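Have a look at the structure below before the remarks.
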Amino acid sequence: MRVLGIETSCDETGVAIYDSEAGLLAHALHSQVELHAAYGGVVPELASRDHVRKVLPLIRQLFDDAGIEAGSLGGIAYTAGPGLVGALMVGAAVGRSLAWSWGLPAVAVHHMEGHLLAPMLEARPPEFPFVAMLVSGGHTQLVEVTDIGHYRLLGDSLDDAAGEAFDKTAKLLGLPYPGGPELAKLAQSGDPSRYRFPRPMTDRPGLDFSFSGLKTFALNTLTEAKEKEGQALSHQTMADIARAFEDAVVDTLKIKCRRAVRETGIKTLIMAGGVSANRRLRQQVSEMMEKEGGEAFYPRPEFCTDNGAMIAFAGCQRLQAGLAEPLGIKVSPRWSMETLAF
Ligand code: KG4
Ligand code: ZN
Numbered sequence: 008m009r010v011l012g013i014e015t016s017c018d019e020t021g022v023a024i025y026d027s028e029a030g031l032l033a034h035a036l037h038s039q040v041e042l043h044a045a046y047g048g049v050v051p052e053l054a055s056r057d058h059v060r061k062v063l064p065l066i067r068q069l070f071d072d073a074g075i076e077a078g079s080l081g082g083i084a085y086t087a088g089p090g091l092v093g094a095l096m097v098g099a100a101v102g103r104s105l106a107w108s109w110g111l112p113a114v115a116v117h118h119m120e121g122h123l124l125a126p127m128l129e130a131r132p133p134e135f136p137f138v139a140m141l142v143s144g145g146h147t148q149l150v151e152v153t154d155i156g157h158y159r160l161l162g163d164s165l166d167d168a169a170g171e172a173f174d175k176t177a178k179l180l181g182l183p184y185p186g187g188p189e190l191a192k193l194a195q196s197g198d199p200s201r202y203r204f205p206r207p208m209t210d211r212p213g214l215d216f217s218f219s220g221l222k223t224f225a226l227n228t229l230t231e232a233k234e235k236e237g238q239a240l241s242h243q244t245m246a247d248i249a250r251a252f253e254d255a256v257v258d259t260l261k262i263k264c265r266r267a268v269r270e271t272g273i274k275t276l277i278m279a280g281g282v283s284a285n286r287r288l289r290q291q292v293s294e295m296m297e298k299e300g301g302e303a304f305y306p307r308p309e310f311c312t313d314n315g316a317m318i319a320f321a322g323c324q325r326l327q328a329g330l331a332e333p334l335g336i337k338v339s340p341r342w343s344m345e346t347l348a349f
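As structure tokens, then:
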């Protein structure tokens, strides 16, 4: 079965065609980074309007790149939540309308299920069961995955998600949006021994996360450094703070992943979502899993952040299982992944 996937939940317009026999045929992405950069973060109304402008030209380009006709499709999948409601509505309306006009079934896909299944697009996919560490701009979740659609939430963020903490701390450091990758770049020249940030909630049992305190810790560290060095901090001091922050997030995620793997007895771990593009995180978690006698799997970096390929893949699994919804256009800005069993 061949499926067109459409992702418009936040600030990327992503489209892709996945074929259950041949794999990923083509994917295309338009990032809105430049559009939102001047505001230091995503402006929801601008995001929706840009999705409206970009989604159909991107789909046309996708068919050209794949060298296929719409007639060969077996269905359409679109992200229906969680996300920004106006942005979600664009993908849902386009997906359902194309499905209606082409006489195809359409299926609503959960954005985090898309991220969770993204490692399965790779040449050597992980096998079930696995523990999934989802780290994006809006979510930090540990999930036990026994099969597609069978998800048990093991841990969740109590406040800021990991990506959100990266973005807010990057802003404090005066780095441009989107902060996560910029902070990671700055941290590369940082000295890991100069500052030490706490590893929140690792000293007590449980698999939940709390990252908002790290942002405050970064602010206090910055303020103290400015008292010593003056308002214009040296590049080295900024890099040292970035490194200490990154090490704290990476270490905390690693500790919780190890705990989840030990508690469930599952030796396969996957990491997905924007923050899983972080090089230090991937390296640390892979080493940890090796020591545990297991293995960690990730999507390629471009499929860690939002993309259409993961939605086409997740939608294809659901459509092949016979799932599709009536024509009403419905999105869910808040949506629990534990309701997804089929
Ligand atoms: O999955 P994603 O593209 O969108 C959401 O579903 O939220 O994740 C975006 C998040 C942002 O917070 C971004 O700063 C973060 O992922 N991110 C990174 C890196 N690349 C993206 N954080 C740390 N290091 C990176 N290399
Ligand atoms: Zn995402």
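Here this note's numbering is used: the first residue of the sequence shown is 8, the next is one more, and so on.
Glycine is no exception: its CB is placed at the ideal position from the N, C-alpha and C atoms.
All values reported here derive from a predicted model rather than from experimental measurement.
Distance between residue j and residue i (C-alpha atoms, nearest Å)
i, j, result
"Asp166", "Gly74", "45 Å"
"Ser79", "Arg9", "7 Å"
"Gly315", "Val49", "19 Å"
"Leu124", "Met278", "10 Å"
"Leu330", "Arg341", "21 Å"
"His34", "Ile24", "6 Å"
"Glu134", "Thr275", "8 Å"
"Ala106", "His117", "18 Å"
"Arg201", "Pro308", "29 Å"
"Ala84", "Arg203", "45 Å"
"Ser241", "Thr230", "13 Å"
"Leu260", "Ser108", "45 Å"
"Phe137", "Ser196", "35 Å"
"Ala169", "Asp26", "33 Å"
"Val150", "Val268", "11 Å"
"Gly272", "Glu41", "44 Å"
"Ala303", "Leu214", "18 Å"
"Val22", "Arg131", "23 Å"
"Arg211", "Ile262", "11 Å"
"Tyr305", "Glu76", "31 Å"
"Gly47", "Gly237", "25 Å"
"Gly110", "Gly335", "15 Å"
"Asp71", "Glu297", "42 Å"
"Leu182", "Glu28", "44 Å"
"Leu69", "Leu326", "21 Å"
"Asp57", "Ala44", "14 Å"
"Phe310", "Tyr158", "21 Å"
"Ser339", "Thr244", "43 Å"
"Glu14", "Asp313", "8 Å"
Per DSSP, cross-strand counterpart(s) of residue i
i, result
"Tyr184", "Paired residue(s): none; Tyr184 is not in a bridge."
"Asp26", "Arg9, Gly30"
"Ile358", "With the chain running from 8 to 349 in the structure shown, residue 358 is simply not present."
"His37", "Thr20"
"Asp158", "Here the sequence assigns Tyr to residue 158, which means Asp is not the residue at that position. DSSP output for Tyr158 lists Val152 as bridge partner(s)."
"Glu14", "Gly21"
"Ile336", "DSSP lists no partner for Ile336."
"Ser343", "Partner(s): none; Ser343 has no beta bridge."
"Gly82", "Val10"
"Ser164", "Phe216"
DSSP-derived helix/strand/coil call for residue i
i, result
"Thr223", "helix"
"Glu52", "helix"
"His146", "coil"
"Val114", "strand"
"Phe216", "strand"
"Ala348", "coil"
"Gly88", "strand"
"Ser283", "helix"
"Gly322", "helix"
"Gly170", "helix"
"Gly121", "helix"
"Gly197", "coil"
"Ser241", "coil"
"Glu76", "coil"
"Asp313", "coil"
"Pro126", "helix"
"Met96", "helix"
"Ala45", "coil"
Beta-carbon proximity check, residue i vs residue j, cutoff 8 Å
i, j, result
"Gly162", "Ala348", "no"
"Gly145", "Pro112", "no"
"Glu299", "Arg265", "yes"
"Glu52", "Ser38", "no"
"Glu120", "Met295", "no"
"Pro205", "Gly220", "yes"
"Val282", "Val142", "yes"
"Arg115", "Ala87", "For clarity, residue 115 is Ala in the given sequence; the question names Arg instead. Yes, the Cβ-Cβ distance between Ala115 and Ala87 is below 8 Å."
"Ser217", "Ser293", "no"
"Ala194", "Ala239", "no"
"Leu128", "Ser16", "no"
Contact with chain D by residue i, beta-carbon distance below 8 Å
i, result
"Ile318", "Absent from the structure is chain D; it holds one protein chain and no more."
Exercise for the section: Assess, as a yes-or-no matter, whether the stretch 52-67 is touched by the stretch 94-104 under the definition of 3 or more beta carbon pairs within less than 8 Å. Expected result: yes
Practice task
Could you say if the stretch 222-237 and the stretch 246-261 meet the contact criterion of at least three C-beta pairs nearer than 8 Å?
Solution key: yes
Exercise for the section: Please determine if the stretch 319-330 and the stretch 287-294 are in contact, where contact requires at least 3 C-beta pairs separated by less than 8 Å. Expected result: no
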